[in-house]
Amino acid sequence: MLKKFFFYTHLFLLKLSSHFGVWLGTRIIRMKKPRTVDLKNLKTIYLNRSDRIGDAIISKPFIKLLVEWLRQNDCHAEIIIIASQYNRFILSELEDTKNNVKLISEEKPDFYESKLYRMILKHIKFLYRTLAFRGTHGNIRDEQSLFFDMGGGDFNTILKYKESDNSIIIGPNVFWGSHILDIALEHSYVHYSNVNLIESYIEIIEKTFGLENVFRDFIYDHISEFYHYDTNISKSGICLFVGVKEFRNLPVNTWRRVIIETAEAFPDETIIVLDDHTNLLYDILVHEKFPVNVVIEKNTYSLQGFTERVAKCAFVAGVDGGGINMIKYHTNSCFINTFAQPNVWSCFIGRYVYQQISGVNNWHLSIVEIPPNGQIIAHVYKTSFWLPSFNIDGNREIFSDFDTSLLIEVIRKSLKK
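Okay, so the sequence shown: first residue is 29 according to this note's numbering, each after it adds one.
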């Protein structure tokens, strides 16, 4: 009982400090004098994506379209994409020496903290260094260098390029350190904001270059090019992808129930249960007894082989993470969101509108059909005050009451049954 009390107290204090940080960052940003950047005057543009795999996968189509749009609008600056050791292999194909696009890796990116005191110390350190920099340089910037913070939490990398290049910094609300931003969103990418990540990127680019819907229209018009639903591939079977970081995942007992209920709802379909490369849940579930149409498959695939395997399934569902993000564009898909901001990480669908369906236990389903092939893109999420907020390790038992009927609903729509 005492342990649970301290857990929820810690969770509450984290939420309170995050709310205060966002509020303070908003006040700082509102005091900034409005400004724009002449994109034709730029010589260097840094795109900072020095974080994890899933973030890189979500951002990759946007980065590709951003580079294309900049070149179409007479911006000849060198574009440097800053990756990390974790996601470089995802972003490597964006490097284009002929088009003056370079990819580099940041060796020591700074990730989100889940402990209250560490989060506070991190922000205080960032505030001190940014104030010291401002005290030396004032409002003087290199007007030919632009740094786009696409992560919102990698303070080390922001400071490294601020101190070396004195670039114009653009990005989201970063709490107390928001004063270092020259052009900023009032909201954070992930903290108590439910704006789709790509929508946030569009907003900051239009604000930076003084645009009104021109860039947004370009992204909306081309985003469907990145849905890879190949009608020439024969698709069959339902894949339940159970692999994700443990603190994000559904409890094992919940997965066991979801597998059985899905198998019973679709007795004529093969239910393929696939783990990530760790095979942690595979080692547990392979010894369980399931309906005859369930196959517990060990993941022995390469990354390419894994994508090709799941692309042949008629449907795939999994908890939000790098694995499901790699494969959800290739077939009908639904990701299960175990954080409080479901729209931030949902597939970017441009002008298409999600159909909203509510289930039991505060579970909800958002579903859209993408033309021309009718590909289904969906996500399931729960609403609760006690849900974790991205960087907070929450109590996974909150998700034990997962509403499988919502998943069955989207599978039926995908299979047209």
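We treat Cβ as the ideally placed atom computed from N, Cα and C, and that holds for glycine.
Neighbourhood of residue i by C-beta, 6 Å cutoff - its chain only, sequence neighbours within 5 removed
i	result
E325	I300 and L302
V286	T432
Q383	I395
S442	F343, N360 and I404
H151	F203 and W204
Helix, strand or coil at residue i according to DSSP, with G and I counted as helix
i	result
D79	coil
G238	coil
W414	coil
H47	helix
V388	coil
Y36	helix
G346	strand
A339	helix
L268	strand
D102	coil
E425	helix
E96	helix
Y114	coil
E316	coil
I364	strand
L278	coil
I398	strand
E123	coil
V129	strand
Q369	coil
I86	helix
F161	helix
S206	helix
M354	helix
R244	helix
K263	coil
Pick from the options that is closest to residue i, judged by C-alpha positions
i	options	result
I85	E437, Y357 and F413	Y357
S87	D102, L119, P62 and I73	L119
R244	H256, E253 and Y229	Y229
N401	Y255, N307, S412 and I312	Y255
D348	Y380, L268 and G378	L268
S192	P200, T158 and H207	T158
Y189	S173, V65 and V314	S173
A406	G346, L415 and E274	G346
F237	L70, K444, F413 and I436	L70
Y380	I398, W373 and C103	I398
Neighbourhood of residue i by C-beta distance below 7 Å, restricted to the same chain and skipping five residues each side
i	result
R80	Y114, N115 and G350
K263	K340, C341, A342 and T359
E289	T432
H47	Y220
N389	D429 and D431
L52	F203 and W204
Integer-rounded CB distance, given that residue j should sit under 8 Å from residue i
i	j	result
I455	E297	Because the chain is modelled from 29 through 445, residue 455 falls outside the range shown and cannot be assessed.
N224	N371	5 Å
S428	N281	7 Å
Y74	F175	4 Å
M63	I186	Looking at the sequence itself, residue 63 is Arg, so the reference to Met does not match. Actually they are not in contact, since the Cβ atoms of R63 and I186 sit about 18 Å apart, beyond 8 Å.
N128	I110	The pair is not a contact, with the Cβ atoms about 16 Å apart (cut-off 8 Å).
V408	N365	7 Å
Paired residues, beta bridge with residue i - DSSP
i	result
A291	In DSSP, A291 forms no bridge with anything.
G199	A212
T72	E106 and S173
H461	Residue 461 is absent from the model: the chain starts at 29 and stops at 445.
E134	S112
E325	L302
Q383	I395
Min CB distance residue i to chain B below 7 Å
i	result
W51	Given the protein chain composition of this structure (a single chain), no chain B is represented.
Sequence-distant residues of the same chain with beta carbon closer than 8 Å to residue i, five excluded per side
i	result
E93	The sequence shown places Leu at residue 93, rather than the Glu named in the question. So the list reads F246, I247, H250 and I251, once near-sequence residues are dropped.
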